[in-house]
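Quick note: to get this note's numbering, add 58 to the position in the sequence shown (first position is 1).
What follows is one structure encoded as structure tokens, with my remarks underneath.
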Amino acid sequence: MPGGRLSHQDRQQIALGLADSLPYAEIARRLDRPTSTVTREVMRNGGPNGYRADLAHRATEHRAHRRRSAPPRGAESTRQPDGSDAQAVAEYEETFTTVLMASGLNKMAARVLARLFLTDSGSLTASELAQRLQVSPASISKAITFLENQSLVRRERDERRRDRYVVDDELFYQATIASARANDHLVATARQGVALLGAHTPAAARLENIARFLDFISESITRAAEQAREVLRSTPSTATSRVPPGHSDQAAIRS
């Protein structure tokens with residue numbers, strides 16, 4: 059990372075950039091840092107509306123002190139059963155969580171979703187989530203409720219009649235369709251306003267333009283999701299050979 063760790067002055071510059079509503083990429087450019095560094099710094103220290111340079115700097119120093127004070131672990135303890143580096147996986151999970159938060163999820167929902175994604179089975183019970191994330195069952199329950207409402211997880215019963223929370227290959231298809239349906243509701247509401255205000259008024263014209271725009275976006279999203287759904291059913295080795303007609307290999311990778 060260019061320049062090493064963020065300094066107190068760097069954090070003050072981040073705070074000033076947020077106050078000026080600058081995008082993370084622009085703040086990062088001014089600091090000569092990767093955008094991911096600024097995104098992670100902001101999201102782990104209160105988010106764009108709650109970031110404070112002094113508090114963020116003290117919190118970082120406190121975390122560094124805790125790491126230095128922790129007893130060293132043997133090399134064998136850093137490896138998971140599948141041979142992966144446990145520390146690297148933990149750091150990646152934190153990065154993944156930060157990206158999910160930047161996309162609009164609250165912190166606990168992002169942590170739960172990241173943990174589910176990084177579990178080979180793609181499913182965990184509430185107690186397993188609470189244990190692995192070291193949080194209360196109530197926090198897990200609240201996060202799961204939010205994620206279910208967003209069609210980001212689904213619930214199923216296992217052989218012991220316990221609720222398991224699952225992310226599967228259809229996750230992004232379902233969430234995308236749910237987003238399109240939300241747009242449909244906005245379209246209908248906007249057109250109610252058009253009828254109420256009178257089609258020839260400026261306000262009604264504005265609402266009709268919004269409705270037409272969202273209608274087009276919703277239809278495009280739904281069509282694209284249906285065409286790309288096959289990608290979600292592909293294995294990595296066959297993904298490029300099963301790209302929907304009219305889509306490039308690069309589009310499949312971005313999906």
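All C-beta atoms in this analysis are idealised placements derived from N, C-alpha and C, irrespective of residue type, glycine included.
| Query | Result |
| --- | --- |
| Could you tell me which of Pro92, Phe230, Ala262 and Ala188 sits nearest to Val173, measuring between CA atoms? | First, the residue type needs correcting, since residue 173 is Arg and not Val in the sequence shown. Checked all of Pro92, Phe230, Ala262 and Ala188; the closest Cα to Arg173 is Ala188. |
| Quick check: the Cα distance between Gln232 and Leu210, rounded to an integer number of angstroms? | 8 Å |
| Does Tyr150 come out as helix, strand or coil in the three-state DSSP assignment? | helix |
| With a cut-off of 8 Å, do at least 3 Cβ pairs link the stretch 244-252 to the stretch 285-293? | no |
| Rounded to the nearest angstrom, what separates Ser337 and Pro195 at their Cα positions? | The question about residue 337 has no answer here: the residues shown for the chain are numbered 59 through 313. |
| Starting from the Cα of Asp221, find the closest Cα among Phe230, Glu206 and Asp227 and give me that residue. | Glu206 |
| Rounded to whole angstroms, what is the Cα-Cα separation between Lys165 and Leu113? | 18 Å |
| Can you tell me whether Leu76 is helix, strand or coil according to DSSP? | helix |
| Using beta-carbon positions only, say whether Leu176 and Glu152 come within less than 8 Å of one another. | no |
| So, does the CB of Ala184 fall closer than 8 Å to a CB anywhere in chain D? | Of the protein chains in the structure, only one exists, and it is not chain D. |
| Which of helix, strand or coil does DSSP assign to Val314? | Lying outside 59 to 313, the shown extent of the chain, residue 314 is not represented and no answer is given. |
| Can you grab the Cα-Cα spacing for the pair Ile279 / Leu272, in whole Å? | 10 Å |
| In the DSSP assignment, find the beta strand (DSSP E) that holds Ser181 and state where it starts and stops. | Ser181 to Thr183 |
| Any idea if Ala261 is buried or exposed, counting beta-carbon neighbours within 10 angstroms, 16 or more meaning buried? | exposed |
| Pull up the distance between the alpha-carbon of Ser94 and that of Arg239, whole angstroms please. | 31 Å |
| When you compare only the Cα positions, how much space is there between Gly258 and Arg219? | For the sequence presented, residue 258 should be read as His rather than Gly. So the two alpha carbons sit approximately 59 Å from each other. |
| Within the continuous alpha helix (DSSP H) that includes Arg249, where are the two ends? | Leu229 to Leu255 |
| Compute the beta-carbon to beta-carbon distance between Gln71 and Leu89, rounded to the nearest angstrom, for a pair I have assumed lies under 8 Å. | 6 Å |
| Leaving out the 5 sequence neighbours to the left and right, which residues in its chain are closer than 7 Å to Leu158 when beta-carbon positions are compared? | Ala168, Leu171 and Ala172 |
| Under DSSP, the alpha helix (DSSP H) around Arg213 begins and ends at which residues? | Counting along the chain, Arg213 falls outside any alpha helix (DSSP H), though it belongs to the beta strand (DSSP E) covering Arg212 to Arg215. |
| Expressed to the nearest angstrom, what Euclidean distance is found between the alpha-carbon atoms of Leu118 and Ile198? | Reading off the sequence shown, one finds Thr at residue 118, where the question assumed Leu. Going by the C-alpha atoms only, they are around 26 Å apart. |
| Indicate the three-state DSSP secondary structure (helix, strand or coil) for Arg131 in the structure shown. | Reliability of the predicted coordinates at Arg131 is poor, the pLDDT of 49 falling under 50, and no value is obtained from them. |
| From the DSSP output, in three-state form, read off Asp178 for me. | coil |
| Output the boundary residues of the alpha helix (DSSP H) element that contains Thr280. | Pro260 to Leu290 |
| Taking the straight line between their C-alpha atoms, what separation do you get for Asp227 and Arg98? | 27 Å |
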